[in-house]
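Right, one structure below, let's go through it.
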Amino acid sequence: MKKDRLLAKWLNNDLSEDELAEFKASPDFEKYQKIKNYTEHLEVDDLDENTMLSNILKQKKAAPKVIPIYKNWMFRVAAIFVLVLGITFALKTFVPETQTAGFGEKTAFSLPDNSEVVLNSGSEINYKKWNWDNNRRLELKGEAYFRVSKGRRFEVQTNLGKVSVLGTQFNVKARKNRFDVVCYEGRVKVNYGNTQILLTHGQSVSFENGKQVQLKTAALKPEWTENQICFYKENIRSLLDEVERQYKIKIELHTEDTTSLFTGKLPAKDLNVALQIISTTYHLEAKKVSENKIIFDEK
647 MKKDRLLAKW
657 LNNDLSEDEL
667 AEFKASPDFE
677 KYQKIKNYTE
687 HLEVDDLDEN
697 TMLSNILKQK
707 KAAPKVIPIY
717 KNWMFRVAAI
727 FVLVLGITFA
737 LKTFVPETQT
747 AGFGEKTAFS
757 LPDNSEVVLN
767 SGSEINYKKW
777 NWDNNRRLEL
787 KGEAYFRVSK
797 GRRFEVQTNL
807 GKVSVLGTQF
817 NVKARKNRFD
827 VVCYEGRVKV
837 NYGNTQILLT
847 HGQSVSFENG
857 KQVQLKTAAL
867 KPEWTENQIC
877 FYKENIRSLL
887 DEVERQYKIK
897 IELHTEDTTS
907 LFTGKLPAKD
917 LNVALQIIST
927 TYHLEAKKVS
937 ENKIIFDEK
């Protein structure tokens, strides 16, 4: 750095006597002196802008550039690659996303705004990622538990009704002709036909065949997330449908009593205990005819 500084000062004739003596003693001084002597005799003509422009205009147009065939082929490959990337991006962005939970499974995932969803067995959710923050809407088939991040209105649409919230925790279940909504935190607005209800923390509502029942709950989240199947006044066929989903089995029911309603819990991880509770409640006998098939007969 010192050498460069001395060179710059020497070119500008700014060196002191001591600095000049030091610089002349350097091994490169002779080379620098020759360069300086040569450049001092160079002369540069004044720039004539009009003449330069005239000369440029008089020049012939350059011959078209010929692109070899192999380069043309490479351009096509690159164009196709870019097109594929664009299509892939469009599909991921604009085509609806689908999340499912098969029989005997539960699926947890996050939405684009970090809202959390847990799907119960035999359930499905469809939504669009594009513009999600401004249009937080999804379609649910089955049952799901939601922990919604605060933001714009969040809507869950089912074939039986709609639930609207801002930021809260709630459970929605739409099975056949029964629609259940439970609010665990915040507030949710439930639309069922021409009926609209506002639920707050610890409240729930059930609709079935036009009948409405409102209840309270002390639970902090759905029992099914902790492997307990909870029922409130549900008939045996609905109860067995849920057992089929949770255990991924088929159940045949041979009884005339299908109207008695069940309120209680069944384990989702112990089939033998679940079958025993059902048999005792409805005076039935459970027969396991294969690994995945159960038959209930009247005693």
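In this text, residue positions in the sequence shown follow the working numbering: the first is 647, and each later residue adds one.
The C-beta atom is built at its ideal place from N, Cα and C for all residues, glycine as well.
Source: prediction; values computed, not measured.
query	result
Where do the ends of the beta strand (DSSP E) carrying Ile-875 lie?	874 to 881
Whose C-alpha, out of Pro-868, Val-827, Ile-882 and Gln-858, is nearest the C-alpha of Ser-850?	Val-827
Since I believe Gln-745 is in contact with Ile-771 (beta carbons under 8 Å), could you give me their beta-carbon distance rounded to a whole number of angstroms?	5 Å
Find the nearest neighbour of Glu-785 within the set Leu-930, Ile-923, Cys-876 and Val-763, judged by alpha-carbon distance.	Val-763
Identify every residue that forms a DSSP beta bridge with Ser-810.	Glu-801 and Lys-835
Using DSSP with H/G/I as helix, E/B as strand and the rest coil, what is Ser-756?	strand
Could you pull out every residue in the same chain whose Cβ sits closer than 6 Å to the Cβ of Tyr-741, ignoring the five residues on either side in sequence?	At residue 741 the sequence reads Val, which differs from the Tyr that was named. Counting only Cβ-Cβ distances below 6 Å, and skipping sequence neighbours, we find nothing.
With H, G and I counted as helix, E and B as strand and the rest as coil, what does DSSP make of Glu-898?	strand
How is Ser-884 classed by DSSP in three states: helix, strand or coil?	helix
Measure from the alpha carbon of Ile-923 to the alpha carbon of each residue in Arg-833, Val-889, Val-935 and Thr-846, then state which is nearest.	Val-889
Helix, strand or coil for Ser-850 per DSSP?	strand
Can you tell me whether Ser-672 is buried or exposed? The criterion is at least 16 other CB atoms within 10 Å of its CB, across all chains shown.	exposed
Where do the ends of the beta strand (DSSP E) carrying Phe-918 lie?	The sequence given here places Asn at residue 918; Phe does not occur at that position. Looking at the DSSP string, Asn-918 is not in any beta strand (DSSP E); the run it does join, the alpha helix (DSSP H), is 917 to 928.
By Cβ distance below 6 Å, which residues in the same chain neighbour Arg-824 in space, the five residues on each side in sequence not counted?	Glu-854
Between which two residues does the beta strand (DSSP E) carrying Asp-943 extend?	939 to 944
Please name the residue, chosen from Leu-912, Arg-891, Ile-882 and Ile-897, that lies closest to Glu-869 on a Cα-to-Cα basis.	Leu-912
For the region 854 to 865 against the region 899 to 906, do three or more pairs of beta-carbon atoms, one drawn from each stretch, fall closer than 8 Å, so that the two count as touching?	no
Evaluate Lys-819 with the Cβ neighbour count: other Cβ atoms within 10 Å of its Cβ, from every protein chain shown; 16 or more gives buried, anything less gives exposed.	buried
Just the Cα atoms here: how many angstroms apart are Asp-759 and Trp-776?	12 Å
Determine, using beta carbons only, whether Arg-793 and Arg-782 come nearer to each other than 9 Å.	no
Short of 6 Å in beta carbon distance, which residues of its chain neighbour Tyr-878, apart from the five on each side in sequence? Order them along the chain.	Thr-909
Checking the sheet assignment: what are the DSSP bridge partners for Asp-826?	Lys-819 and Ser-852
With a threshold of 16 other CB atoms inside 10 Å of the CB of Thr-814, please say whether the residue is buried or exposed.	buried
Buried or exposed: which applies to Ser-662, given that a residue is buried once 16 or more other Cβ atoms fall within 10 Å of its Cβ?	exposed
For a test of the three-state rule: what should DSSP assign to Ala-790, helix, strand or coil?	strand
Gly-768 bridges to which residues according to DSSP?	Paired residue(s): none; Gly-768 is not in a bridge.
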